[in-house]
Every structure is written in C-alpha cells, then in structure tokens.
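Each protein sequence line maps, in turn, to chains A and B.
Sequential numbering of the first sequence, starting at 1152, is according to this note's numbering.
Sequential numbering of the second sequence, starting at 4, is according to this note's numbering.
The next block holds one structure in the form of structure tokens; read it before the comments.
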Amino acid sequence: MDATDINNPQYFHKVVDCQWACPAHTNVPEYIRLIAQGRYTDAYMVNRESNVFPAILGRTCDRPCEPACRRGRVDTHPVAICRLKRVAADLKGEIKHLLPKIPAQKNGKRIACIGAGPASLTVANDLMPIGYEVTIFEKLDKPGGLMRSNIPAFRLPEQVLTEEVNLILDMGVEIRYNSPVKSMRELLASGYDAVFVGSGAPRGKDLELPGRHETDRIHIGIDWLESIAFGHIHSIGERVLIIGVGNTAMDCCRSSCRLGGKEIKVMARRPRPYFKASPWELEDAEEEGVEIVVNHAPKQFVIENGKLTGMIFERLEWDAQAKKSRTLDEVFYPADDVILAIGQENAFPWIERDLRIEFDKWGLPVVNETTFESTRAGVFFGGDSAFGPKNIIWAVEHGHQAAISIHNFCRSIPVTERPAAGMKLMSQKMGISEWSYHNDYNPVHRQKMKHVDLAERFRKLNIEVELGFDAEQTAREVERCLNCDIQTVFSAPRCIECDACIDVCPVQCLTITRNGEELDLRSRLSAPALNLDQALYVSPPLPHTQRIMVKDEDICVHCGLCAERCPTAAWDMQKFELAIAYADSTSCMNSYVPA
Amino acid sequence: MPSIAKPLARHPALKQNELGLTIRDYEGSMSTLCAGCGHDSITAAIVRALWEISMQPHMLAKMSGIGCSSKTPAYFVNGAHGFNSAHGRMPAITTGAAAANRELTYIGVSGDGDSLSIGIGHMCHAIRRNVRMVYIIENNGVYGLTKGQFSASADVGSKSKRGEPNQFAPIDPVMLALSIGATFVARSFSGDKEQLVPILKAAFRHRGMALIDVISPCVTFNDHTGSTKSYLYTRKHAVSATDADLVPPASEIVANISAQDVTAVTLHDGSILRFRSVPEGYDPTDRVKVTSYLQQRQQKGEIITGLLFVNEHVPDMHEMNNTSDTPLARMPYEKLCPGSAALEQLQEEFR
Ligand SMILES: Cc1cc2nc3c(=O)[nH]c(=O)nc-3n(C[C@H](O)[C@H](O)[C@H](O)COP(=O)(O)OP(=O)(O)OC[C@H]3O[C@@H](n4cnc5c(N)ncnc54)[C@H](O)[C@@H]3O)c2cc1C
Ligand SMILES: Cc1ncc(C[n+]2csc(CCOP(=O)(O)OP(=O)(O)O)c2C)c(N)n1
Ligand code: SF4
Ligand code: SF4
Ligand code: SF4
Ligand SMILES: [Mg+2]
C-alpha cells in the first residue's frame, strides 16, 4: 500500500467516527471535553457552529453519530452523544455576545426562503452575518416547520424551540407569516437575487382501502399532529390503531396516550428488525403502554351505521429475510380512531412547470447533491423538499451547503467552486506521561436517561418526558468518550522499531511488517483488521529495516500509550480540528475557538 | 512510566486459547522500564508464548534477581507465583524451588549483570544440574538499573554512552553454557518476536534447563552509535542461523514431518521440535559442531541467532537425583520429616 496522506483533512476526519457520520460534522469530542470541564457555553457554541440548533437536536436528533461511535465497537454501547448535547444547551450561560455580528451595512443582495423550517433557518443563519437581506415566507403563523407542527411538545418543549429559532430571526430576518407562496412565477418576478425552497415534504400519505372516506375518524398522521400542536385537537377515542411503524407513528401513538387513548396499538406489516422507527423511540412508546403488533397488513376499514368500528388486517408470515410474505388469515381489530402514519411526500403544486425547474417522475425536483441548485440557476432546494423526508440535521447541512452556493451565485462565482475544508493538528504532549486530555479509559456503562413518571407525564400534553442527565450522570458519560479527535500521528524517520508501541497497545492495532496489498496486509496484522470501512494508516518505509508501521484505525481507543511508550516520539498524540467551510469562509477559518 | 493503567478495552475479536483465556489474561502490571526498552518486548514475547501454549497461570513460577530485566516478571502473568531474589541468586533460588515443587513450571528472568557477573557461579551450577526451567538472560551489555556501567557481556571496543571503550573480554553466555553441558541453548533478539516466540514455546517443553540469551537494547544507556548492543547494530549484524518451530503432541502435523526437514527432535513430552532450516552441515544436536560453527561465525562479527543446540537425552535434576514423583511441597509433614528416631536410625547406618 502507499503511505497514507495525512495532509488530506478527510483522513483524520474519518477517524473521528461521530463527526464523520454527522451530516453537519459536529465536533463531538471537543464539545464533550468542554462539558467535562464545565464549560457549557463553549460546548454549546462549538455545537451551534455546525448544527445550529443544539438544544433542539440534543432532544430530537436522529443521531447518526451514535451507531457510528467507536465506543460501541469496543464496549457495548456508544457514548450518549445526543443527550450530552442537551446538557450543554441546558446549562449554557449567556451566548448573545458570542453570535456572529450582523453588519448594519447590507451587501445589497436579497434572498427569498420558502418555509421557516430548519433548512431555511440555516440559510438565513449563514447569510445574515455576511450582509444579505433574507426574507422567509411561511404558510403557518409560527416558525420552525415540522419541528413546531409535528414534533410533540413532550419531546421538544416549545420554549426550547422558540429560543433557538429566535436566535436566527433576531439577526434581522424578515419573516412573513401566513404567507404561503402560491406561485413560484410571481416570486421569481419579484426581484430576489436568489430563491431557496425549504418547504419540506408536507403531504402525508393516504391509504386507499374500502371504507376510507365513510368516516371522519381516520386521520393523516402529520396533519393530525399539526392540529394538536396548534390546539385544534384535544381528544381521541379510547381505542386507537396507528398504521405504520416509523417515527411519525411513534409520535402519534404517544400523543394518543395524552389525549385519552387507552388501548393503543401500532400495527406493523413487517417483523421488528425491519421497523423504520429508531430503537429508542420504540422503547419510549412501549414504556408508555403502547402495544406494537407485527406482521399485520391493513385490509379494510369497518364502518357500521356510518361509524368506524375497527379494521380488518391480514396476518402475514414472512420468509427469513422478510422479503416475501404469505397470508395466514384475517383478523379484526376494534378501533374508535385510526391514524395513518405511512410516510410523507413532496408536493409542489405552487411551482409552475414551465419555469425551467425540472421535476423527476416521482415529482421530486431535480437537485444537484453538492450545490443544491435546481435546474434553474439561482433557485436552490434543501431539507425535505430536496430529496424527500430526512431529518433536522440533514436539513441543517443542506442549508449550509445551499448558503455557500447562494453566496457564490450572488458574486458570480460558479456554484461548483466549493471552498475547501482545512485542518489543524496540535500536539497534546504536556510533559512525560502528561497529556492535555484525559487519556485514561473509563469502563463505566452508558448512562440511562431518566423519565418523568408515567402518571405525571400524561397529565398534560407538553410535559417533557426526558429529565436530562443529572450532574453525576454527565460526569460519568463524558468520561466514556474516547477522544477520537486526538489522533495518533506517526513520523517514520524517528522510529527505531523497538516494538514498544506494538507491545503496549491494549487493542492490538499496531503492527510493523513488510508492505503488501491492502487485503493481504489486513490479514497479517497483530489482530486482523476485518472492518473494511475503517482505514489502515500506513507509514513510509522505516529507516532500520524498510518495513512499515501499520495502524488499524478501527478500534484504537486513543489512550496515547503508544506515544507514551515511544522512546523517540515517533508517535505523537495530536488534536485534529476540522475547519469546515461555510458561506462566510472567514468565519470558517476562525471556527469557534473557546477562549 | 505511563500515567495510566493499560485500558481494559480489548479487541473485540480476541482469540481464546485452550483454557478459554485471551492473550490479555497473561498480562501483568504496567511496565515501569524506560520507554523503548528491549526488555518490554521480551515480556510481550513471553506473554504471547505462554498464551499460545495455554499455560495455566497458577502453575507458573516467575523467578528473578536484581536489575531492570529482573523487574520484568511483574509485567507478565499477574496470576502466577513469583520470587524476586537477591542479585544473582535467581538460579540458586530456582534450583531450591524446583527441588521442593517439581510440578510448577519455572521461568527465570535475569540480566547480563545479574547472571554473568555476581550470579555467574549460580548460573553455571544450575546449568550443570539441568534444573527444569526456562532461563532468560535479557542481554543489553550494561547494568541498566545502576545507570549503564559495562557488564561482563560488553564487547571489547564497544563504547559507553560517554564514549569510553570497554577493554575486558566479554563472556558469551551461549559459549559458556555449551561448554558446561547445557541441554538447550538459544540466542535471539528482542526486536524479533517471530523468532523468539517459537523458541520460548520450545523452551517450555524442554526436559531440563532451556537457556535463552536475548539481545535486548538498553534504550537509555546503550543504544548509541558506538554500542554493539544497540537496535541498529543488532539488526545489521544478527544472522538467523536456524529456523525452528514446535509441533505439539497430538497435533495432526506430527505425522506430516517430511524427510526433507533437516532435523526433527522429539521432546520429552512427545512434541516435536522441527528445524525447518539450518546451515549446511549444521546439526543442532551435535555440541562440537555447533560450538565450532558459532566460533567461526562470531569471528566474522556476526551475531548468530536461533535455537542453536538441543539435547533431549540428558536427565533433569529430579531424574538425576531419583527424587520422589510427589513434589516435596505436597508430601505430608510426617513423611518429609520423619522425626529424630528416624534420623538416628539413618545415622546409625553410616557408623
Ligand atoms: C412526526 C414527525 C416527527 C419527526 N421527528 C423528528 C425528530 O425527532 N428528529 C428529526 O431530526 N427529525 C424529525 N422529523 C423530521 C424533521 O422534522 C424534518 O426532516 C425537518 O423538519 C425538515 O426540515 P425542512 O426545513 O426541510 O422543512 P420543514 O420542517 O417541513 O418546514 C417546512 C416549512 O415550510 C412551510 N411551507 C410549506 N410549503 C410552503 C409554501 N408553499 N409557502 C410557504 N411556506 C410553506 C411549512 O409550513 C413549514 O413550516 C420528524 C418529522 C415528523 C413528520
Ligand atoms: C549485591 C548487590 N550488588 C550490587 C547491586 C547493584 N546492582 C543493581 S542492578 C545491578 C546490575 C544489573 O544489571 P543487569 O542484570 O544487566 O540488569 P539490567 O538493568 O541491565 O537489565 C547492580 C550491580 C545490588 N543490587 N546488589
Ligand atoms: S492510542 Fe496508541 S496504544 Fe492506544 S489504542 Fe490507539 S494505537 Fe493503541
Ligand atoms: S515505540 Fe516508537 S520507536 Fe518504538 S516501534 Fe513504536 S514508533 Fe517505533
Ligand atoms: S535503563 Fe536501560 S535496561 Fe533499564 S529500563 Fe531503561 S532502557 Fe531498559
Ligand atoms: Mg543488563
């Protein structure tokens, strides 16, 4: 293999599994260390720079970082990254003075954003500090998008949402409520320099089965949740069936618990391993007494005398891969209400089809995955509107990228010219056996989130269920982080091949051996490196024997013992900082550095 | 000395040996030696060899004297017995321990100072008695622990850290052992575990004493350019003469040892020591030939490594003395010490 090019920022970035997996590349280990030091405001600001909504995401994020977390590979469970984010947000101090300054002198460019969800808000967040005038058109009378209309208040308290949304609106964004954009043609004619479509995927899928339109007790999940959020719905029947087992279904069943539902069943077509809902959402729903019924396909709504009495399902038996099924029999489940939570679709009835904004055969706009530009120059899409329903953190990342494109577009720079990411590497050595980070491995187990007790939480719709980590839980959880951003950096000319690093490494990830092809090399290491998703760090030839040092990045616990035991400092522990590019590239290079 | 304990985190795919133990179960305390010391690598080789042969930790006794090298038994197999004796007395103490309990497996770890200066007499007599043990000399040419004075293994002309050359002729433990009847003699290098681990595994199965001289650079006092025991010098001058591995009993490969294997020595416990390559005309069971081969090659400045000599026909100390099969340590007290009447009777026989 060729020697690894560690000057490419993406090499060490990939070692930081959580940051790499985060769509917005949040610097997780850095903020966890700041929390450990009690520097909550700094931890919050490190978060805010990339993910914009730390308090919201600390409660609701889909957390792709956690399945990726290295701790999960060497211990049973990943670090509770998401809930630590909430700790930073809950305990932060005043931050107004740390936010980017908004220039009084504008740059003369006006941007229209459609929808006030996380995607548009991120665009505004990135463009306001550079002098743009941003106008957001919002259909509803409040900002936040699905974060307000669909994510229930028992998961995301309204004041948490409002506070973070206002940080952006208070930058001087012009927001027009109750202003659905009804014609893209008209909007394009009204003189904005660029348009960003962040209107989400607003249409809940329907289920056309016999009886569907003979009652008003069948609800479309996302519309029903919106009606609850805006105070139009206050109750539900005692027996509720939820069709579908995604995250929307989880919010629907748990909302039903709070509106008078007693016997609530989530009806799933497929077996449990194939559910779309995150495991923790399933757990939370079951804790609240919701029953999850697997292998049931809806067949028909049963209406008697104009009244919904229940539903007939086919009971299925699946093959081992849950690909093919066979119907066993039919069963009837009684119900007072049925909620359909089988997915969302994009819908753009307000975009005329002769504007050179192309749509594909599924009705999705044709959008460039890097620039987020549509087929019409100057019109950008992001969030759920671009590629269909995803989640908040993806909407944020789309917003960042679209903002870069808009800034380029307004300066007549090709949108394909993306500013490059940079990096900083800093030795963490403070003295003999002394490092600026806590390198001891703490075997403590993942802390369990405490919940408000069941009776209390059902009393009102908006009682936040999760209590957040207490001080002791926080202190323990932060120590579980392996500091994957503190990189092992190798200098081949210094190595005398004494084997000290290889002998001390607790997880056998180092080897000195003759070079070879990657697969051959992977099989010859101290412990075979079978996880092909993780890189091998390969050195140039070593001076004494021309062999190479190989490190399997997969399960290194960043304990620093290799560097501690190296007599020549050939290994060093260096903190890696990714400098992410944002629209305001000056702010990217001076990325938030805690004082 | 590292500030933290070795993390409990383990490689998720760690293999288990016949006892269900992983290699990490054979570790000891964290080393307090200088970072980069060859001794630590030997420790790692010992850990690997013991794990591979599925040694039961509680059946192992770790013996040592004084020196950096003699500290290392603390760094492997926490669950074993151990005795850290006075300077140079490891062979004598081990002889006593082996006499009292023949059931344990003994590993003595010593240094060139410990064994070739103050302890040389004890070492020679333990070799002559063929005490059943693995005897490792971690040979760095200096007294590491007392800050780098030349030891008796330092070559003439090899320079100290401050630049003075050594003037006294060296004692070569391999030649010495061969000359006084040693039955298993090897030399290796701390930086070559591929060679050292199989030698160690064979040593643990040898009938009597297995003596292994391991060049082990002292990174702090003897790893400079004028030294003949540095990493670089050893790498440049070491020549692996033999390539041996051990085929345990009850292994299918036993039947497959082909005629072209130069020499296959059957060990006492039925396992087979297979020499896959030796120099032409070399016979690892012929003491005279081995001695003269070594003399010739060493004259050329080569450091000959490998499992150099083995003789499985010499009885060990217990066999020579016809001692009881039951270890003395487990004999009932009355039998071990039958009282003054029995003593009187015994003495009577000599009157
Ligand atoms: C029930 C439910 C629960 C969810 N839970 C989570 C969760 O826990 N974690 C997570 O990460 N994600 C969750 N999601 C997904 C997440 O909310 C969305 O992916 C995210 O909000 C998308 O952001 P966006 O900015 O693209 O659009 P949206 O948040 O959908 O915002 C679009 C906005 O545009 C407005 N709008 C639409 N059309 C027009 C128009 N023509 N003119 C003007 N305004 C218009 C809408 O009113 C809305 O305010 C959930 C989704 C649902 C349905
Ligand atoms: C009776 C006695 N004499 C002298 C010493 C001082 N002393 C301690 S270690 C040592 C030499 C150790 O050299 P070596 O065995 O080569 O071990 P190394 O440190 O090099 O591994 C000496 C002379 C002592 N501890 N006890
Ligand atoms: S930091 Fe070094 S010693 Fe620790 S696990 Fe990683 S490679 Fe091994
Ligand atoms: S400890 Fe340092 S000098 Fe020794 S092998 Fe490792 S990197 Fe090389
Ligand atoms: S002084 Fe020499 S022998 Fe002793 S620990 Fe240090 S390097 Fe090893
Ligand atoms: Mg010595």
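Even for Gly, the Cβ is constructed at its ideal location relative to N, Cα and C.
- What's the gap between the Cα of valine 1689 of chain A and the Cα of methionine 1574 of chain A? As a working mapping, residue 1689 of chain A is identified with position 538 in the first sequence. As a working mapping, residue 1574 of chain A is identified with position 423 in the first sequence. So the alpha carbons of these two residues sit roughly 20 angstroms apart.
- Message: ligand 2 and glycine 70 of chain B: does any heavy atom of the ligand fall closer than 7 angstroms to the residue's C-beta?
- Response: For this step, residue 70 of chain B is matched to residue 67 along the second sequence. Yes; taking the cut-off as 7 angstroms, the Cβ of glycine 70 of chain B has a heavy atom of ligand 2 nearer than that.
- Task: Note down, in chain order, every chain B residue with its Cβ under 7 angstroms from the Cβ of valine 1658 of chain A.
- Result: Within the first sequence, residue 1658 of chain A is the residue found at index 507, counting from 1. Per Cβ cutoff of 7 angstroms: Ala12, Arg13, His14.
- Query: For the alpha helix (DSSP H) that contains methionine 58 of chain B, what are its first and last residues?
  - Reply: Locating residue 58 of chain B in the second sequence gives position 55, counting from the first residue. No alpha helix (DSSP H) holds methionine 58 of chain B; DSSP gives it neither H nor E.
- Query: Got a sec: is the Cβ-Cβ distance from alanine 1172 of chain A to anything in chain B below 8 angstroms?
  - Reply: What you label residue 1172 of chain A is simply residue 21 of the first sequence in a count that begins at 1. Answer no: the Cβ-Cβ gap between alanine 1172 of chain A and chain B never drops below 8 angstroms.
- Item | alanine 64 of chain B vs alanine 83 of chain B beta-carbon contact at 8 angstroms | Within the second sequence, the letter at position 61 stands for residue 64 of chain B. Within the second sequence, the letter at position 80 stands for residue 83 of chain B. Yes, Cβ-Cβ distance for alanine 64 of chain B and alanine 83 of chain B is below 8 angstroms.
- Message: Buried or exposed for valine 291 of chain B, going by 16 or more other Cβ atoms inside 10 Å?
- Response: As a first step, residue 291 of chain B is located in the second sequence; it is residue number 288 there, counting from the start. Valine 291 of chain B comes out exposed.
- Run of the beta strand (DSSP E) containing asparagine 142 of chain B, from where it starts to where it stops: The count along the second sequence starts at 1 and reaches residue 142 of chain B at position 139. Here the beta strand (DSSP E) through asparagine 142 of chain B covers 136-142.
- Task: Sort A/Ile1265, A/Ala1275, A/Val1324 by Cα distance to glutamate 1548 of chain A and report the nearest one.
- Result: Residue mapping note: residue 1548 of chain A aligns to position 397 of the first sequence, counting from 1. If we check each option's Cα against that of glutamate 1548 of chain A, A/Ala1275 comes out closest.
- Message: For ligand 2, is there any heavy atom lying closer than 7 angstroms to the beta carbon of cysteine 221 of chain B?
- Response: As a first step, residue 221 of chain B is located in the second sequence; it is residue number 218 there, counting from the start. Flag set: Cβ of cysteine 221 of chain B near ligand 2.
- Query: Among the residues of its own chain, which have a CB less than 7 angstroms from the CB of valine 257 of chain B, if the five just before and after it don't count?
  - Reply: Position 254 of the second sequence holds residue 257 of chain B. A caution first: valine 257 of chain B carries a pLDDT of 48, below 50, which makes its placement in the model unreliable, though a value can still be read off. Counting only Cβ-Cβ distances below 7 angstroms, and skipping sequence neighbours, we find Val250, Ile275.
- Helix, strand or coil at lysine 18 of chain B according to DSSP, with G and I counted as helix: In the second sequence, counting from the first residue as 1, residue 18 of chain B sits at position 15. In this structure, lysine 18 of chain B counts as coil in the three-state DSSP scheme.
- Please go through the same chain and pick out, in chain order, the residues whose beta-carbon is closer than 8 angstroms to the beta-carbon of threonine 1592 of chain A, but skip the five residues on each side of it. Position 441 of the first sequence, counting from 1, holds the residue named residue 1592 of chain A. In the sequence as displayed, the identity of residue 1592 of chain A is tyrosine instead of threonine. Here the set comprises Leu1633, Pro1657, Val1708, Cys1710.
- Do the region 1280-1292 of chain A and the region 1199-1219 of chain A meet, that is, are 3 or more Cβ pairs less than 8 angstroms apart? no
- Query: What do you get for leucine 119 of chain B, buried or exposed, if any count of 16 or more other CB atoms within 10 angstroms of its CB means buried?
  - Reply: Here residue 119 of chain B refers to the residue found at position 116 of the second sequence. Looking at its Cβ environment, which holds 16 or more other Cβ atoms inside 10 Å, leucine 119 of chain B is buried.
- Message: Closest to arginine 13 of chain B by C-alpha separation, out of A/Val1655, A/Arg1261, A/Glu1503, would be which residue?
- Response: Counting from 1 along the second sequence, the entry for residue 13 of chain B is found at position 10. Minimum Cα distance to arginine 13 of chain B is reached at A/Val1655.
- Which partner residues does phenylalanine 153 of chain B have in the DSSP bridge list? To locate residue 153 of chain B, count along the second sequence from 1; it is residue 150. B/Val145.
- Bounding residues of the alpha helix (DSSP H) (the contiguous stretch that carries cysteine 1404 of chain A): Position 253 of the first sequence, counting from 1, holds the residue named residue 1404 of chain A. Residues 1398-1409.
- Span of the alpha helix (DSSP H) holding glutamine 1697 of chain A? Along the first sequence, read from residue 1 onward, the residue named residue 1697 of chain A stands at position 546. It is not in any alpha helix (DSSP H) - glutamine 1697 of chain A carries neither H nor E in the DSSP assignment.
- Check whether the Cβ atoms of valine 1316 of chain A and leucine 1249 of chain A sit closer than 8 angstroms, and answer yes or no. For the purposes of this step, residue 1316 of chain A is identified with residue 165 of the first sequence, where counting begins at 1. For the purposes of this step, residue 1249 of chain A is identified with residue 98 of the first sequence, where counting begins at 1. No, they are not a contact pair.
- Message: If you measure between the beta carbons of cysteine 1408 of chain A and glutamate 1439 of chain A, is that distance less than 8 angstroms?
- Response: Taking the first residue of the first sequence as position 1, residue 1408 of chain A is located at position 257. Taking the first residue of the first sequence as position 1, residue 1439 of chain A is located at position 288. Their beta carbons are under 8 angstroms apart, which means cysteine 1408 of chain A touches glutamate 1439 of chain A by this criterion.
- Task: Tell me the start and end of each unbroken beta strand (DSSP E) in the region 1714-1739 of chain A that is at least 3 residues and wholly inside, in chain order.
- Result: 1722-1730
- Task: Would you list the one or two residues that DSSP bridges to tryptophan 1586 of chain A?
- Result: The residue labelled residue 1586 of chain A in the question sits at position 435 within the first sequence. The partner list for tryptophan 1586 of chain A (beta bridge, DSSP) reads A/Lys1580.
- With 8 angstroms as the threshold, decide whether the Cβ of threonine 1662 of chain A is near any Cβ in chain B. Within the first sequence, numbered from 1, the residue matching residue 1662 of chain A stands at position 511. False, the Cβ-Cβ gap to chain B never drops below 8 angstroms.
- Cβ neighbour criterion (16 or more within 10 Å) applied to cysteine 1173 of chain A: To locate residue 1173 of chain A, count along the first sequence from 1; it is residue 22. Flag for cysteine 1173 of chain A reads buried.
- Query: Counting contacts by CB-CB distance shorter than 8 angstroms, is leucine 358 of chain B in contact with chain A?
  - Reply: Since the first residue of chain B shown is 4 and the last is 354, residue 358 of chain B is not available in this structure.
- Query: Is the beta carbon of glutamate 1568 of chain A sitting closer than 8 angstroms to the one on isoleucine 1454 of chain A?
  - Reply: Here residue 1568 of chain A corresponds to residue number 417 of the first sequence, with the count starting at 1. Here residue 1454 of chain A corresponds to residue number 303 of the first sequence, with the count starting at 1. No. Outside cutoff.
- Cut-off 7 angstroms between Cβ atoms - residues of its own chain near proline 362 of chain B, not counting five sequence neighbours on either side: This structure cannot speak to residue 362 of chain B, because chain B is shown only from 4 to 354.
- With distances taken Cα to Cα, identify the nearest neighbour of asparagine 324 of chain B among B/Thr98, B/Ile56, B/Gly41. Residue 324 of chain B sits at position 321 when you count from the first residue of the second sequence. Here the closest residue by C-alpha is B/Thr98.
- Task: Just mark tryptophan 1431 of chain A as buried or exposed, buried being the case when its beta carbon has 16 or more other beta carbons within 10 Å.
- Result: Numbered from 1 along the first sequence, position 280 holds the residue referred to as residue 1431 of chain A. Tryptophan 1431 of chain A comes out exposed.
- Item | Inter-residue spacing [alpha-carbon to alpha-carbon] between leucine 1491 of chain A and arginine 1423 of chain A | In the first sequence, residue 1491 of chain A corresponds to position 340, counting from 1. In the first sequence, residue 1423 of chain A corresponds to position 272, counting from 1. Their Cα atoms are separated by approximately 19 angstroms.
- Item | Local Cβ density within 10 Å of glutamine 59 of chain B, reported as buried at 16 or more and exposed below that | The sequence position of residue 59 of chain B within the second sequence is 56, counting from 1. Classification of glutamine 59 of chain B: exposed, given that the 10 Å Cβ count is below 16.
- Item | Sub-8 angstroms separation of glycine 111 of chain B and isoleucine 139 of chain B beta-carbons | Along the second sequence, one-based indexing puts residue 111 of chain B at 108. Along the second sequence, one-based indexing puts residue 139 of chain B at 136. Cβ distance < 8 angstroms, so glycine 111 of chain B and isoleucine 139 of chain B count as in contact.
- For the beta strand (DSSP E) that histidine 1551 of chain A lies in, which residues bound it at each end? For this step, residue 1551 of chain A is matched to residue 400 along the first sequence. Taken as a continuous stretch (DSSP letters only), histidine 1551 of chain A belongs to no beta strand (DSSP E), being part of the alpha helix (DSSP H) at 1543-1561.
- Query: Less than 7 angstroms between the CB of tryptophan 1177 of chain A and some heavy atom of ligand 1, yes or no?
  - Reply: Residue mapping note: residue 1177 of chain A aligns to position 26 of the first sequence, counting from 1. Per the sequence shown, the amino acid found at residue 1177 of chain A is threonine instead of tryptophan. False, no ligand heavy atom lies under 7 angstroms from that Cβ.
- Item | Alpha-carbon to alpha-carbon, arginine 1507 of chain A and glycine 1372 of chain A | Start at 1 with the first residue of the first sequence, and residue 1372 of chain A comes out as number 221. Start at 1 with the first residue of the first sequence, and residue 1507 of chain A comes out as number 356. C-alpha separation (whole angstroms): 33 angstroms.
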